[in-house]
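Please read the structure below before turning to the comments.
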Amino acid sequence: MQIDFQGSGLQGARPPPDADRQRMMWINADRVLYLGLLGEPTVRCFGGFSVYLSLRGTHRICVDGGDWQDCAVSVVPPYVRHRIVSGERMICNLLVEAETVDVAALPAHLRAGRGAVDAPAALQRMREALDILRRADNRRYASTAAFDEAFFGAPLRTRALDARVQAVLDRIKSDPNGHVSAQECAVAAHLSVSRFLHLFKAETGSPFRSFRTWQRARSLLYYVTQSSNLTDIALDAGYPDSTHFSHSIRQVYGLTPKSIFAGSRKLALYASGAGVPRLGYH
DNA sequence: GTCCGCAGAGAGAGAAACAA
DNA sequence: TTGTTTCTCTCTCTGCGGAC
Numbered sequence: 000m001q002i003d004f005q006g007s008g009l010q011g012a013r014p015p016p017d018a019d020r021q022r023m024m025w026i027n028a029d030r031v032l033y034l035g036l037l038g039e040p041t042v043r044c045f046g047g048f049s050v051y052l053s054l055r056g057t058h059r060i061c062v063d064g065g066d067w068q069d070c071a072v073s074v075v076p077p078y079v080r081h082r083i084v085s086g087e088r089m090i091c092n093l094l095v096e097a098e099t100v101d102v103a104a105l106p107a108h109l110r111a112g113r114g115a116v117d118a119p120a121a122l123q124r125m126r127e128a129l130d131i132l133r134r135a136d137n138r139r140y141a142s143t144a145a146f147d148e149a150f151f152g153a154p155l156r157t158r159a160l161d162a163r164v165q166a167v168l169d170r171i172k173s174d175p176n177g178h179v180s181a182q183e184c185a186v187a188a189h190l191s192v193s194r195f196l197h198l199f200k201a202e203t204g205s206p207f208r209s210f211r212t213w214q215r216a217r218s219l220l221y222y223v224t225q226s227s228n229l230t231d232i233a234l235d236a237g238y239p240d241s242t243h244f245s246h247s248i249r250q251v252y253g254l255t256p257k258s259i260f261a262g263s264r265k266l267a268l269y270a271s272g273a274g275v276p277r278l279g280y281h
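Take 0 as the starting number for the first sequence in numbering that gives the first Met the number 0 and just add one per residue.
This is how it looks when you write it as structure tokens:
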């Protein structure tokens, strides 16, 4: 396969293959790229468009209680429960935050995908982008647009949102582990709580609480390489105690926090841009 | 079209108990 | 001591009718 490093969007990309540095995660406020162990998750439910990509073979996926499907690439819409198993230990998972994109303008396989996807060209592009990334010296994308360019062929068009809702989104995403209530947001938006909740759902496509829960669970990804105990990490991530932490994380990722951290020990983490939570223990 | 308020249903948060 | 499970209560979601 011919790999073109020009225009890949990678900062300082060059091709030194190194099998020991394969497990990695790149994350910013709008996108996540995870390349690592899948484990044995039960039902999971992410708040963004989720793309699973097998590295060589295939995986099996079951979306919203439907039939199991065998495929190399699959897509799960935001807030849809699904299960996944793979014959390979490693898997690639891309996450596109739903509120950051104009759904109508998404590539067809993302927009309409629900489980296995038959999109050979998209599969080849994503595998090539992944290959470039795995060979790169500095695995950071300069921007969300550069990430989109690499994996989807072009920057994904952003969604135009109501300014009041956008302000709330910015507030939550800039500090996902801070607790902000619907009432506070409604006051800030100069709306009643009822009206705010309706408007939020209409604009973003997801309920306020679901979005807040997802953002908090998502912020866990910034901590997965830390070696502190889970209680400290739960508090840092904005959970009142390890009870909620364990419960919420299992609902989102289908794995216990313990197994997530165990599987992330050798993971190289590349975080950038807004949304990186404040680190530091209580 | 935008906004408000009500009410029933359901999910999330908090407390306690249990297991390793 | 740490992490997980279970149970109960509170808060949020959502559909609806109505006012402006």
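Ideal placement from N, C-alpha and C gives every residue a C-beta, glycine not left out. Please read these numbers as outputs of a predicted model, since none were measured by experiment.
The way I'd put it, the region 52-59 does touch the region 83-100; three or more beta-carbon pairs between them come closer than 8 Å. Using a Cβ distance threshold of 8 Å, T212 and D29 do not count as a contacting pair. Contact between A115 and I60 is confirmed by a C-beta separation of about 7 Å, below the 8 Å threshold. Scanning N27, L34, V50, H81 for the CA closest to the CA of T41 turns up H81. Secondary structure note for Y33: its beta strand (DSSP E) is the uninterrupted segment 30-36. Nearest neighbour of A111 by Cα position, chosen from E98, S73, E96, turns out to be S73.
In the DSSP assignment, R82 forms a beta bridge with C61.
Exclusion of the five residues before and after A103 leaves R110 as the residues of its chain whose Cβ lies within less than 8 Å of its Cβ. Fully contained in the region 65-131 are the following alpha helix (DSSP H) runs of length 4 or more, in chain order: 107-110. Comparing alpha-carbon positions, the option among A187, A145, P154 lying closest to V164 turns out to be A187. The alpha carbon of A107 has as its nearest neighbour, out of Y238, G152, T242, T255, the alpha carbon of G152.
Residue burial is scored here from C-beta neighbours: Q214 has at least 16 other C-beta atoms within 10 angstroms and is therefore classed as buried.
With respect to the C-alpha of Y33, the residue from P76, H58, H243, L129 having the closest C-alpha is L129. When DSSP reads this structure, F151 sits in no beta bridge, so it has no partner.
The Cβ neighbour count for N137, taken over all protein chains shown within 10 Å, is under 16; the residue is labelled exposed.
Under the three-state reduction of DSSP output, S271 falls in the coil class, being neither helix nor strand. Shown here, Y238 sits in coil according to DSSP, grouped into three states, outside any helix or strand. Put simply, the region 263-272 touches the region 218-233. At least three CB pairs are less than 8 Å apart.
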